[in-house]
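Residue numbers (this note's numbering): 546 to 696. Data block below; observations after.
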């Protein structure tokens, strides 16, 4: 519950608050300055969640999941200063990579959904093909490596 609160509920609440206040137009936060603010708040929230999970003695696999998210998001944030990489792709691909490690090779089928997400990001003109490919590669490699090491 702590991981979900700090990695999802608080970030979504912050994004919705920013929309209501007119700081950004939608939940995708396309403008770079606003996107960097949102990413910084999410990084702080996720890091806080990890500390609380460690203090509370949360299961190691759950901590590894949230640590993987933090490291992936930190790298995405650094890249965002120069380029708009697809966070949707990194998250969906990273989640699939961790599912494969946790539940076995048949979870590779989840990457079919990653393809659909990537197609939609390009089709909606929110990202270029290269931004989607980069997000997919980064999310898969970073999340898989960090999750493996942190477990």
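Beta carbons are placed, not taken as given, at the ideal position from N, Cα and C, and that holds for glycine.
Look at the segment 608-677 and you find these whole runs of alpha helix (DSSP H), each 4 residues long or longer: 632-648, 656-668. Residue 583 sits away from residue 591, with the two beta carbons spaced by 8 Å or more.
Rounded to the nearest whole angstrom, the CA to CA distance from residue 636 to residue 550 is 17 Å. Sorting 653, 654, 676 by C-alpha distance to the C-alpha of residue 664 places 676 at the top.
Here residue 605 carries a helix assignment [DSSP, helix/strand/coil]. If you look at residue 563, you'll find it in the alpha helix (DSSP H) that goes 555-565. Pairing residue 556 with residue 586, the inter-Cα distance amounts to about 7 Å.
By the Cβ test, the segment 598-608 is not in contact with the segment 559-577, since fewer than three Cβ pairs between them sit closer than 8 Å. Non-local beta-carbon contacts of residue 588 in its own chain, meaning distances under 8 Å to residues more than five positions away in sequence, involve 615, 618, 619, 622 in chain order.
Judged by DSSP in its simplified three-state form, residue 693 adopts helix. Residue state for residue 572 is assigned as coil, using DSSP reduced to three classes.
Relative to the Cα of residue 694, the nearest Cα in the group 643, 681, 673 belongs to 643. In this structure, the beta-carbon distance from residue 599 to residue 608 falls below 8 Å. Excluding five sequence positions before and after residue 653, the CB atoms of its chain that fall closer than 8 Å to its own CB belong to 641, 645, given in chain order.
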